[in-house]
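Colleague: Following my numbering, the numbering of the sequence shown begins with 3 at its first residue and continues without gaps.
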Amino acid sequence: MTKVILSGCNGKMGQVISRLVETDESVSIVCGLDINTAEKNGYPVVDDLSKFEGKADVIIDFSHPDTLDKLLPYCESTGTALVMATTGLSEGQIERLGKLSEKVAVFRSANMSIGINLLMSLVKKAAQTLEGDFDIEIVEKHHNQKIDAPSGTALMIADGISEALTTKPGYVYDRHAVRKKRSADEIGIHAVRGGTIVGEHEVIFAGNDEIIEIKHTAMSKEIFAVGSIRAAKFISGKNPGMYSMQDMM
Ligand SMILES: NC(=O)c1ccc[n+]([C@@H]2O[C@H](COP(=O)([O-])OP(=O)(O)OC[C@H]3O[C@@H](n4cnc5c(N)ncnc54)[C@H](O)[C@@H]3O)[C@@H](O)[C@H]2O)c1
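1) Is the beta carbon of His203 less than 8 Å from the beta carbon of Leu99?
2) Where does Leu51 land, buried or exposed, given buried means 16+ other C-beta within 10 angstroms?
3) Hey, would you say the C-beta of Leu51 is under 7 Å away from at least one heavy atom of ligand 1?
4) Just verifying my parser: in three-state terms, what is the DSSP assignment at Ile140?
5) Name, in chain order, the residues that DSSP records as bridge partners for Thr219.
6) Using only the alpha-carbon positions, how far apart do Lys223 and Lys105 sit?
7) Assign Tyr45 to one of three DSSP states: helix, strand, or coil.
8) Should Gly201 go down as buried or exposed, given a rule of 16 or more other Cβ atoms within 10 Å for buried?
9) Whole-angstrom Cβ separation of Thr69 and Gly10, contact assumed at under 8 Å?
10) Which partner residues does His192 have in the DSSP bridge list?
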C-alpha cells in the first residue's frame, strides 16, 4: 500500500485524486496539505507539514509553485518521494528540485496524461523528419481560471522538439510587439483561455502546400489524476533520482 500526502488536496485536481483513491486499495491518502484546511475527504488536512506526525511514502503535489518551499525541506528531512505536477515553477525552483532528486526520488511532469506523452514522441519524430522545411507552431487552450501561460505542457512539448532538432529554435510568444516576418528557426507558442476547456495542445507543422497537425484533447481532469497516482506507486521505494513519464511508460 502506497501512503500519500496530497498537496493541494482541496483544489480541483486534489478532489479528483481523492475520489479515485477511494476505490483503489493499493494507495491511501494519509494527510492532505492545503492553505484551505477544510476536511472534505475523511483524511486530516494541514496547512503545514510540521503538523502531520505520521509517515508517508510519497507526496503528490497539485497546488501552487509557492508550496514547493514547504515540500523541499520536508522531503529532504523525511526521505519522502515527490510527484511534482504543479506547473509554472521558476528556473530556480526547477534547480532546487534537481538538488532534491540527489537525495530522494522525484517524479516531475508538466502533464501526467499518457496521451500527451505519446504526442511528445510523435512530434519529436515529425520535427526530425521535417526539420528545415516546415514551420512549427504550438497552440494550447485552457479554461479561464488557469494562471500560467503558456501551459507547462506547451513548454514541455517545445523543449522536446528543441532537443530533437539539430538547430536549436528560439521560442516566440507574442507577435504583436514586433513587426517582422517569421524566421525559420523559431517555434511560435500561443495560449488561448476560455470557459471550462480542460486542455488542448496542438502542434502544427506548416510547409509549402502541406500542413501536418498533431493534437491532444483532454476531456476530463481524470487522465492527469490517474497518471499521478500511477507515478506515486512507480516512485515509491525507488532510489533517489529524477524520474519522468518516459521512465514510467
Ligand atoms: N502535471 C499535470 O498533469 C497537471 C494537470 C492539471 C493541473 N496541473 C497543475 O496543478 C496545479 C493545481 O491545479 P488545480 O487545477 O487543482 O488548481 P486549484 O487552484 O483548483 O487547486 C490548487 C489548490 O492548492 C492550494 N494551495 C494554493 N497555494 C498553496 C500553498 N502555498 N500551500 C498549500 N496549498 C496551496 C489551494 O488552496 C487549492 O486548494 C496547477 O499548477 C496546474 O497547472 C498539472
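Glycine included, each C-beta is placed from N, C-alpha and C at the ideal position.
Note that the structure is a prediction, hence the values are computed from the model and not measured.
Modeller: In terms of the structure at hand:
1) One-based indexing of the sequence shown puts residue 203 at position 201. One-based indexing of the sequence shown puts residue 99 at position 97. Taking 8 Å as the cut-off, the beta carbon of His203 is found no closer than this to the beta carbon of Leu99.
2) By 1-based counting over the sequence shown, the position of residue 51 is 49. Burial call: buried.
3) By one-based count along the sequence shown, residue 51 stands at place 49. No.
4) Sequence index remark: in the sequence shown, residue 140 carries index 138 (1-based). In the structure shown, Ile140 adopts extended strand secondary structure according to DSSP, grouped into three states.
5) Start at 1 with the first residue of the sequence shown, and residue 219 comes out as number 217. In the DSSP secondary-structure assignment, Thr219 is bridged to Glu202.
6) The sequence position of residue 223 within the sequence shown is 221, counting from 1. The sequence position of residue 105 within the sequence shown is 103, counting from 1. So the two alpha carbons sit approximately 31 Å from each other.
7) For the purposes of this step, residue 45 is taken as the residue at position 43 of the sequence shown. Looking at Tyr45 - three-state DSSP - the assignment turns out to be coil, as it is neither helix nor strand.
8) Position 199 of the sequence shown, counted from the start, is the residue given in the question as residue 201. Looking at its Cβ environment, which holds 16 or more other Cβ atoms inside 10 Å, Gly201 is buried.
9) Translated into the one-based positions of the sequence shown, residue 69 becomes position 67. Translated into the one-based positions of the sequence shown, residue 10 becomes position 8. Thr69 to Gly10, Cβ: 7 Å. Contact.
10) Working through the sequence shown from its first residue, we reach residue 192 at position 190. Checking the DSSP bridge columns, you'll see His192 partnered with Val141.
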